[in-house]
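S.K.:
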Amino acid sequence: MRTGRRNKRTPRLFAVAVVMMFVAAACSAGATTTTATTAAPATTAAPATTAAPATTAAPATTAAPATEGVAYKIGFVASATGPGSSLGLPETNTAHMLAEQWADGITGPDGVHHALDVIVLDSESNPDVGAAAVSRLITEKDVDVLVAGTLSGNALAMAPLAEEAEIPMISMASARSIIETDGVTRPWIFKTPQENGHSARWQAAYLKSQGITTVCYLYENSGFGQDTLNNAKKFFPEAGIKIVFSDTFERSDTEFPQMQGVQSSGCQAAVVGAIPPGASMVTVALRDFVPDIPVIQGHGVCNATFISLAPQATEGVVLPCGRLMVADDLPDNDPQKPILMKYIADYTAFTGGDPVSTFGGHAWDALMWAYKGLTSLDEGPALKDRRAGIREYIETNIKDWPGTGGVFNVTKDDHLGLKYTGLTFVRVEGGKFVNFPPDSW
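For the sequence shown, the numbering used here gives the first residue as 1118, with consecutive numbering after it.
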């Protein structure tokens, strides 16, 4: 499966909007349901019995094939189409890739073999569609575990359904509120992406290093965007940085009257909390209206789409990002490097050369947690008990676990298990992300 006021500068934004129309058209396929089913091993017929000579020992007995147990099911929901498809399509590709790699199924610790179905659904980047998909997977498909939610708003709509059904759900979206309610961990919900608090800490450190004390903050009108602003308000003041102007925009916007406020505020830098395409478009507007101030993005733009939609405008943008985007630059002793290089090789081979993104990596981490939880189960427990066993496995066994998003240490009180150093800092140079560590600032 491959998914301000107008002024004389508007034509430049219009031209980029035309590019977006073609990108949107390419991703406008309808919702899809795909079931990747692993085959059970073929049973070999027993050989015909031959009378043994009196003086000859009986031939060695051939081992019987592994007992076949109940089929396991992973339910997967991502934004393969719609406004979040630049994130969700790599996630969906990753799900199909792993389903192919897991075609032989799972053999549990008791030696019983289980076929494995990965049921892939498209949320269309819509919370209602996503919630309906999760409900279907729980009640009709009887899945053992969910990997669901590309966008924070979608994941927040799905999480209560998983909690009510007491099924583990691993989110690919970032907001902390997905796994916590009023500071209390949701026992059935996990997530794999680094979060906006981590991103804000990196942004604050960079701004402080540059002597910047005032910023404008522009963020998309979504749960993710609001979460980026909330974390900036928490971490920026600690670094002596004041937000002198903030405003929201829609992901689909191509014109930005907010630029008037940016100009009049006199801010020294602009920080953006968004995903493509909006993150790319607002960068174009900032370059047009305030070309002399730096633009700092967040980890929601760590994919090739951010750059390809506006290659000139995004040049020089700095941001925190997962190490997957700069894997070649990592030292060989980095615990993540073998994982990252294998994922890059596998993904590019599977897709025929598509560029990797950290979002596909979030799906890989989440699906691997689900897979490992399933491999820990003996044959026999009912569905409810299998779900509880997977939840328990993730909470107690994902320790010092190197994934694409960092080295994870999940606990009862932290269903992510990453520090802010799970991110690194990068800069867009020559149309790609390059490592830009603090000693280079």
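We put the beta carbon where it would ideally sit given N, CA and C, even for glycine.
Does the distance from the CB of Thr1267 to the CB of Phe1476 come in under 9 Å?
M.R.: Here residue 1267 is taken as the residue at index 150 of the sequence shown, counted from 1. Here residue 1476 is taken as the residue at index 359 of the sequence shown, counted from 1. Their beta carbons are under 9 Å apart, which means Thr1267 touches Phe1476 by this criterion.
S.K.: Assuming Val1244 is part of the alpha helix (DSSP H), what are its boundary residues?
M.R.: Locating residue 1244 in the sequence shown gives position 127, counting from the first residue. As written in the sequence, residue 1244 is Pro, which differs from the Val given in the question. Its alpha helix (DSSP H) spans residues 1244-1256.
S.K.: Is the beta carbon of Ile1191 sitting closer than 9 Å to the one on Ala1487?
M.R.: Position 74 of the sequence shown holds residue 1191. Position 370 of the sequence shown holds residue 1487. Their beta carbons are under 9 Å apart, which means Ile1191 touches Ala1487 by this criterion.
S.K.: Taking the alpha carbon of Val1226 as the point to measure from, which residue in Asp1245, Lys1454, Gly1186 has its own alpha carbon closest?
M.R.: As a position in the sequence shown, residue 1226 is number 109, starting the count at 1. Residue identity check: residue 1226 is Pro in the sequence provided, not Val. It is Gly1186.
S.K.: Which runs of the beta strand (DSSP E), 3 residues or longer, sit entirely within the stretch 1287-1326?
M.R.: Counting whole runs of 3 or more residues, the stretch 1287-1326 contains the beta strand (DSSP E) stretches 1306-1308.
S.K.: Mind pulling the alpha helix (DSSP H) runs of 4 or more residues that sit fully within the stretch 1383-1424?
M.R.: If we require 4 residues or more, the alpha helix (DSSP H) runs fully inside the stretch 1383-1424 come out as 1395-1406.
S.K.: DSSP three-state call for Ala1427: helix, strand or coil?
M.R.: As a first step, residue 1427 must be located in the sequence shown, where it is residue number 310. If DSSP states are grouped into helix, strand and coil, Ala1427 belongs with coil.
S.K.: Measuring only the C-alpha atoms, how far is Met1138 from Ser1425?
M.R.: Taking the first residue of the sequence shown as 1, we reach residue 1138 at position 21. Taking the first residue of the sequence shown as 1, we reach residue 1425 at position 308. For Met1138, the predicted model reports a pLDDT of 39, less than 50, meaning its position is unreliable; a value from the coordinates is still stated below. Answer to the nearest angstrom: the Cα atoms are 13 Å apart.
S.K.: Looking at the structure shown, is Val1379 part of a helix, part of a strand, or coil, going by DSSP?
M.R.: Stepping through the sequence shown from its first residue, residue 1379 is reached at position 262. Looking at Val1379 - three-state DSSP - the assignment turns out to be helix.
S.K.: Could you check the C-alpha separation between Asn1526 and Ser1294 for me, to the nearest Å?
M.R.: Indexing the sequence shown from 1 puts residue 1526 at position 409. Indexing the sequence shown from 1 puts residue 1294 at position 177. Rounded to whole angstroms, Asn1526 to Ser1294 spans 19 Å at the Cα level.
S.K.: Given this structure, state the Cα-to-Cα distance separating Phe1423 from Pro1393, to the nearest angstrom.
M.R.: Counting from one through the sequence shown, the residue named residue 1423 turns up at place 306. Counting from one through the sequence shown, the residue named residue 1393 turns up at place 276. Using only the alpha carbons, I get a separation of about 5 Å.
S.K.: Across which residues does DSSP place Pro1277 in a beta bridge pair?
M.R.: Position 160 of the sequence shown, counted from the first residue, corresponds to residue 1277. None; Pro1277 has no bridge partner.
S.K.: Would DSSP call Ala1499 helix, strand or coil?
M.R.: Along the sequence shown, one-based indexing puts residue 1499 at 382. Residue state, collapsed to three classes: coil.
S.K.: The beta strand (DSSP E) with Asp1261 in it runs from where to where?
M.R.: As a position in the sequence shown, residue 1261 is number 144, starting the count at 1. Looking at the DSSP string, Asp1261 is not in any beta strand (DSSP E), and its letter there is neither H nor E.
S.K.: What first and last residue would you give for the beta strand (DSSP E) that runs through Ile1236?
M.R.: Here residue 1236 corresponds to residue number 119 of the sequence shown, with the count starting at 1. Residues 1233-1239.
S.K.: Any idea which residues DSSP pairs Leu1540 with across the strands?
M.R.: One-based indexing of the sequence shown puts residue 1540 at position 423. Leu1540 is bridged to Gly1439.
S.K.: Give me the residue from Ser1202, Ser1203, Thr1184, Thr1211 with the minimum Cα distance to Thr1465.
M.R.: Walking along the sequence shown from the start, residue 1465 turns up at place 348. Of the listed residues, the one whose Cα sits closest to Thr1465 is Thr1211.
S.K.: Within the chosen definition, does the stretch 1540-1550 reach the stretch 1434-1443 through at least 3 CB pairs nearer than 8 Å?
M.R.: Enough Cβ pairs lie closer than 8 Å, so yes.
S.K.: How many Å lie between Asp1077 and Gly1490 at the Cα?
M.R.: There is no way to answer for residue 1077, as the model of the chain reaches only from 1118 to 1558.
S.K.: Mapping the DSSP letters down to three states, classify Glu1546 as helix, strand or coil.
M.R.: By one-based count along the sequence shown, residue 1546 stands at place 429. Of the three classes helix, strand and coil, the one that applies to Glu1546 here is strand, per DSSP.
S.K.: Let me know if Asp1530 comes out buried or exposed under the rule of 16 or more other beta-carbons within 10 Å of its beta-carbon.
M.R.: Reading the sequence shown from its first residue, position 413 is the one you call residue 1530. Exposed: under 16 other Cβ atoms inside 10 Å.
S.K.: Specify the secondary structure class of His1230 as computed by DSSP and reduced to three states.
M.R.: Position 113 of the sequence shown, counted from the first residue, corresponds to residue 1230. Residue state, collapsed to three classes: strand.
S.K.: When you compare the stretch 1456-1472 with the stretch 1508-1515, are there three or more beta-carbon pairs, one atom per stretch, that lie closer than 8 Å?
M.R.: Short answer: they don't touch.
S.K.: At what residue ranges does the stretch 1448-1488 contain a whole run of the alpha helix (DSSP H), taking only runs of 4 or more?
M.R.: The qualifying runs are 1454-1468.
S.K.: I need the DSSP call for Leu1535, collapsed to helix, strand or coil.
M.R.: Stepping through the sequence shown from its first residue, residue 1535 is reached at position 418. Correct three-state label for Leu1535: coil.
S.K.: Counting C-beta neighbours from all protein chains within 10 Å, is the total for Val1301 16 or more, i.e. buried, or is it exposed?
M.R.: In the sequence shown, residue 1301 corresponds to position 184, counting from 1. By the 10 Å Cβ count, Val1301 comes out exposed.
S.K.: Three-state secondary structure (DSSP) at Lys1190?
M.R.: Counting from 1 along the sequence shown, the entry for residue 1190 is found at position 73. If DSSP states are grouped into helix, strand and coil, Lys1190 belongs with the strands.
S.K.: Using alpha carbons as the reference points, say which of Lys1359, Asn1347, Ser1326 lies closest to Cys1333.
M.R.: Numbered from its first residue, the sequence shown carries residue 1333 at position 216. Checking every option, the nearest Cα to that of Cys1333 belongs to Lys1359.
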